[in-house]
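Here's the structure we're looking at; comments come further down.
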Amino acid sequence: MDAKIQAIRGMSDLLPAATADWSRIEGALRAVLSGYGYREIRVPLLERTELFSRSIGEVTDIVEKEMYTFDDRNGQSITLRPEATAGIVRAAIENGMLRSQRHKLWCAGPMFRYEKPQKGRYRQFHQLDIEALGYPGPDIDAELIVMIARMWRMLGVRDMVLQVNSLGTPQARMRYRDDLVAYFRLRHDELDEDSRRRLERNPMRILDSKNPEMRAVVAGAPTIADYLDDASAAHFAALRALLDQCAVPYEVNLRLVRGLDYYNRTVFEWVTDRLGSQGAVCAGGRYDGLVEQLGGTPTPAIGCAIGMERLVELYRLAGGAAAAHAPDVYVVAVGDAAMAAAMRLSEKLRDELPRLALELNCGGGGFRAQMRRADASGAAAVVILGEEEVATGSAGVKPLRTGGEQTVVPFCDLASALMPYLASNNDSA
Ligand code: ATP
Ligand code: MG
4 MDAKIQAIRG
14 MSDLLPAATA
24 DWSRIEGALR
34 AVLSGYGYRE
44 IRVPLLERTE
54 LFSRSIGEVT
64 DIVEKEMYTF
74 DDRNGQSITL
84 RPEATAGIVR
94 AAIENGMLRS
104 QRHKLWCAGP
114 MFRYEKPQKG
124 RYRQFHQLDI
134 EALGYPGPDI
144 DAELIVMIAR
154 MWRMLGVRDM
164 VLQVNSLGTP
174 QARMRYRDDL
184 VAYFRLRHDE
194 LDEDSRRRLE
204 RNPMRILDSK
214 NPEMRAVVAG
224 APTIADYLDD
234 ASAAHFAALR
244 ALLDQCAVPY
254 EVNLRLVRGL
264 DYYNRTVFEW
274 VTDRLGSQGA
284 VCAGGRYDGL
294 VEQLGGTPTP
304 AIGCAIGMER
314 LVELYRLAGG
324 AAAAHAPDVY
334 VVAVGDAAMA
344 AAMRLSEKLR
354 DELPRLALEL
364 NCGGGGFRAQ
374 MRRADASGAA
384 AVVILGEEEV
394 ATGSAGVKPL
404 RTGGEQTVVP
414 FCDLASALMP
424 YLASNNDSA
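Set out below in structure tokens:
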């Protein structure tokens, strides 16, 4: 027998058992994106190598050692995309999309990086990339973050911390960089090998060091906050105020600098400790200079990318897969008159709350049998209709997972009474 051919290391197959979760998550994310006016763009998997070296930066992990780069049959150097922002910006410039226009875009698909494969880190992985081109912020910065927080809620994923920081202008960053190099040079003895290498090439990355022995020397380093210009500081303060307004919790992490060269002002990252050492689930920032750097008219922009493998894993840990099959509410109707009313009412509720997953008891049965089915369905709440309820134009509503009391709700108020149970059944897991 011939030897079996194996998949390339770090590139996994997504088998049918896994794709169901993926589609469900992708569907939920798409619904949120369109609700905020983001539209899909699809760009090639292959681009000229130069696009990435010029945008991401020559001295970054990606460009230095992670790209799949090769010459095509014509001798042109091409690269499998390691991220989507550069390709989207190229496409926007090339297709004349930026002439005093604004675009909210998203792009989903595989990215390729030659990394050391491990849990949560692969050579082919998937991102949902979200970009807002032509918006100076800070309003769009806040809206983007608030939208992503909504995505996490929709999926029932928790235990993530949002970290935000501001990098100021490229000039401020340069001054900061110089001072940082001076600081670390004085403490050269305390640096590990990795950081010594970064000191010459990309000193801000030392702040990202995951080595615990580096903690003290990193903690004493100057922070970018002291270098911000007034306009960037005001931008950052306004962003934080908007996040406070929307009750989205965050931490300011002055050491958050991000690995790519093109960021300025706002940077952010969602991290979790539930995934082991690969804990960043979504990362991004503002890149006001990139469009110009790639030959377009100066256009402010912000974007971010969600790591789909890590998000899917978090979703599974949160019990999302089991809960996704459960309805939000189960409607129990005892007797013919109640069943007729329940069917009419269920249709009305589906009109009023299009996202409500409602299961109406079909096939009859006594009250106790129907309540057993309601419980077994995994629904977060049960709506109860009997002869008496029909007569008074009201229904019983009882939470099934939180042990709350049953309440009596007039038909006309049912939709708002059921709102708290919308896709909230994950919370009971
Ligand atoms: P890290 O520090 O983990 O290498 P990064 O800064 O290189 O992350 P980005 O380029 O900002 O990551 O990509 C955004 C998100 O894409 C990350 O937060 C992560 O969730 C995901 N991601 C990045 N690289 C990989 C990979 N090799 N495998 C799986 N997911 C990845
Ligand atoms: Mg990386």
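Take the numbering used here: the final residue in the sequence shown is number 432, and no numbers are missing along the way.
Even for Gly, the Cβ is constructed at its ideal location relative to N, Cα and C.
Check	Outcome
Please say whether Pro-141 and Leu-259 have beta carbons closer to each other than 7 Å?	no
Got a sec: does the ligand ATP put a non-hydrogen atom nearer than 6 Å to the Cβ of Gln-248?	no
Look up Pro-437 in the DSSP assignment and give the residues it is bridged to.	Outside the modelled stretch of the chain, which goes from 4 to 432, sits residue 437, for which no answer is possible.
For Thr-395, count neighbouring Cβ atoms within 10 angstroms of its own Cβ and tell me buried if that reaches 16, exposed if not.	exposed
Please tell me whether, using a cut-off of 6 Å, the distance from the CB of Gly-310 to the nearest non-hydrogen atom of the ligand ATP is below it.	yes
Using DSSP's beta-bridge definition, name the partner residues of Arg-124.	Gln-121
CA-CA distance, Tyr-230 and Thr-22?	46 Å
Just list the alpha helix (DSSP H) runs in the segment 195 to 239, keeping only unbroken ones of 4 residues or longer that don't cross its boundaries, in chain order.	196 to 204, 218 to 222
Looking at the unbroken alpha helix (DSSP H) that takes in Glu-53, where does it start and where does it end?	52 to 59
What's the call for Leu-18, buried or exposed, on a 16-neighbour Cβ count within 10 Å?	exposed
Which value, in whole angstroms, describes the spacing of the CA atoms of Ile-209 and Ser-169?	17 Å
Give a yes or no on whether the C-beta atoms belonging to Met-70 and Thr-88 are separated by under 7 Å.	no
If we ignore side chains and look at the alpha-carbon of each, how far apart do Ala-377 and Ile-133 end up?	39 Å
Output the distance between the C-alpha atoms of Arg-126 and Asp-64, rounded to the nearest integer angstrom.	14 Å
Within the same chain, show all residues whose beta-carbon is closer than 6 Å to that of Cys-249, passing over the 5 residues directly before and after it, in chain order.	Val-149
What number of angstroms, rounded off, separates the C-alpha of Met-374 from the C-alpha of Val-274?	40 Å
Find out if the Cβ-Cβ distance for the pair Val-386, Ala-372 is shorter than 7 Å.	no
Suppose only complete runs of 4+ residues qualify. What are the alpha helix (DSSP H) ranges in the segment 38 to 100, listed by chain order?	52 to 59, 88 to 97
Give the straight-line distance between the Cα atoms of Glu-43 and Val-35, rounded to the nearest whole angstrom.	12 Å
Ordered along the chain, which non-local residues of its own chain (more than five positions away) have a Cβ less than 8 Å from that of Ala-340?	Glu-390, Val-393
Please indicate yes or no: does the CB of Phe-128 lie closer than 6 Å to some heavy atom of the ligand ATP?	yes
Compute the beta-carbon to beta-carbon distance between Ala-383 and Val-335, rounded to the nearest angstrom, for a pair I have assumed lies under 8 Å.	About 14 Å separates the two Cβ atoms, so there is no contact after all.
Taking the Cβ atom as the reference point for each residue, do Leu-263 and Ile-59 lie within a distance shorter than 7 Å?	yes
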